[in-house]
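Asks:
Residue numbers (our numbering): 14 to 346.
1. For residue 106, list the residues DSSP reports as bridge partners.
2. Are residue 180 and residue 110 close, meaning C-beta to C-beta below 8 Å?
3. Have a look at 246, 168, 227 and flag the residue whose alpha-carbon is nearest the alpha-carbon of residue 194.
4. Note down the Cα distance separating residue 234 from residue 169, rounded to an integer number of angstroms.
5. Any idea what DSSP makes of residue 242, helix, strand or coil?
6. What residues match up with residue 121 in a beta bridge as DSSP calls it?
7. I believe residue 287 touches residue 334 by the beta-carbon criterion, under 8 Å. Please report the beta-carbon distance rounded to the nearest angstrom.
8. Restricting to runs no shorter than 4 residues, where is the alpha helix (DSSP H) found entirely within the region 281–342?
9. Go ahead and pull the three-state DSSP assignment for residue 57.
10. Under a three-way DSSP split, which group does residue 16 fall into?
11. Between residue 265 and residue 126, what straight-line distance do the alpha-carbon atoms span, to the nearest angstrom?
12. Quick one: using the 10 Å Cβ neighbour count with 16 as the cut-off for buried, is residue 249 buried or exposed?
13. Measuring only the C-alpha atoms, how far is residue 311 from residue 197?
14. In angstroms with no decimal places, state the Cα-to-Cα distance between residue 226 and residue 139.
15. What residue from 103, 101, 184, 200 has the CA that sits closest to residue 119's CA?
16. When DSSP labels each residue in this structure, what does residue 205 get in the three-state scheme?
17. So, for residue 142: in the same chain, excluding its five sequence neighbours on each side, which residues have a beta-carbon less than 8 Å away from its beta-carbon?
18. I need the straight-line Cα distance from residue 219 to residue 315, nearest angstrom please.
19. Going by beta-carbon coordinates alone, are residue 93 and residue 145 separated by less than 8 Å?
20. Distance, Cα to Cα, residue 290 vs residue 61?
21. At the level of alpha carbons, what is the spacing between residue 262 and residue 207?
22. Quick check on residue 144: does DSSP put it in helix, strand or coil?
23. For the beta strand (DSSP E) containing residue 98, name the first residue and the last one.
24. Is residue 233 helix, strand or coil when you go by DSSP?
25. From the DSSP output, read off the bridge partner residues of residue 168.
26. From 327, 130, 258, pick the residue whose C-alpha is nearest to that of residue 95; which is it?
Right, here's the structure in full:
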């Protein structure tokens with residue numbers, strides 16, 4: 014089983030910004046209590062971050078943007094290879110789930126006939142993935158009763174990922190390659206935990222089988238509208254480190270069997286909120302960025318917008334962050 018930002022019905026993870034001067038930190042300033050000045054505890058900081066995320070979600074978090082690119086195409090959003098149109102709604106989740114299950118490395122999909130139009134051929138023995146589309150029900154009776162409101166009905170169709178096809182390659186999209194050195198504070202922290210990290214992967218994820226973290230190379234990080242490549246790299250790595258903390262011989266948060274979509278949603282909430290905490294602790298970012306809130310909000314939808322889910326995840330994230338600090342031997346703020 015793998016967990017991570019590149020293999021989800023992700024709804025979409027997010028990335029945060031950085032102000033190394035720390036001047037904008039509302040939670041890093043001294044708090045006045047009973048007439049005395051007190052430095053905020055780590056718990057105070059984490060509560061403030063959680064409150065910021067909730068506020069951003071309530072205000073409308075926007076869309077999540079994958080902070081790295083793949084081999085010419087991002088798997089962040091499924092796209093039809095022939096029409097170049099994005100898939101929407103439940104089809105996004107369905108195709109993300111299939112990509113995760115079968116380890117597809119591209120977001121390009123098309124029907125059997127569409128692949129033929131592109132001069133490609135679905136390889137023998139491949140099975141299609143089900144999507145749903147809607148068509149207008151046009152009949153004389155329908156038009157008479159609801160002339161201005163055509164009725165829609167759902168139809169199923171099958172699509173195939175480009176990894177199931179021969180004779181076609183995704184278009185090469187030129188992306189500026191970032192040149193940066195990972196943040197020393199993050200590198201030192203991760204090394205202190207003794208986590209096994211591979212930096213030449215196709216996506217960012219934690220492999221429960223094998224107990225290691227897979228990360229794309231730093232040259233593939235392009236950032237997001239609200240973060241630089243180095244910030245995106247740091248936040249992604251810390252997200253996967255929170256997943257790593259949940260293994261059975263650590264915090265025992267991840268079941269080896271029977272991992273449902275609800276379990277997955279809670280774990281992604283925990284990992285992303287935990288990453289926000291660690292980003293603040295390690296000065297990657299002062300406050301959670303909007304795309305961070307977008308990732309959390311998208312998983313909350315899978316939990317049917319359970320009002321208490323984010324608080325349960327925040328408690329788990331707090332435990333995970335504190336556990337990792339103990340492993341890394343880092344002092345309190």
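We put the CB at the ideal spot given by N, CA and C, even for glycine.
Replies: In brief:
1. Bridge partners of residue 106: none, in fact.
2. no
3. 246
4. 36 Å
5. helix
6. 92
7. 5 Å
8. 303–315, 322–341
9. helix
10. strand
11. 47 Å
12. buried
13. 31 Å
14. 29 Å
15. 184
16. helix
17. 107, 108, 111, 122, 171, 172, 173, 174
18. 21 Å
19. no
20. 10 Å
21. 14 Å
22. strand
23. No beta strand (DSSP E) holds residue 98; DSSP gives it neither H nor E.
24. helix
25. 146
26. 130
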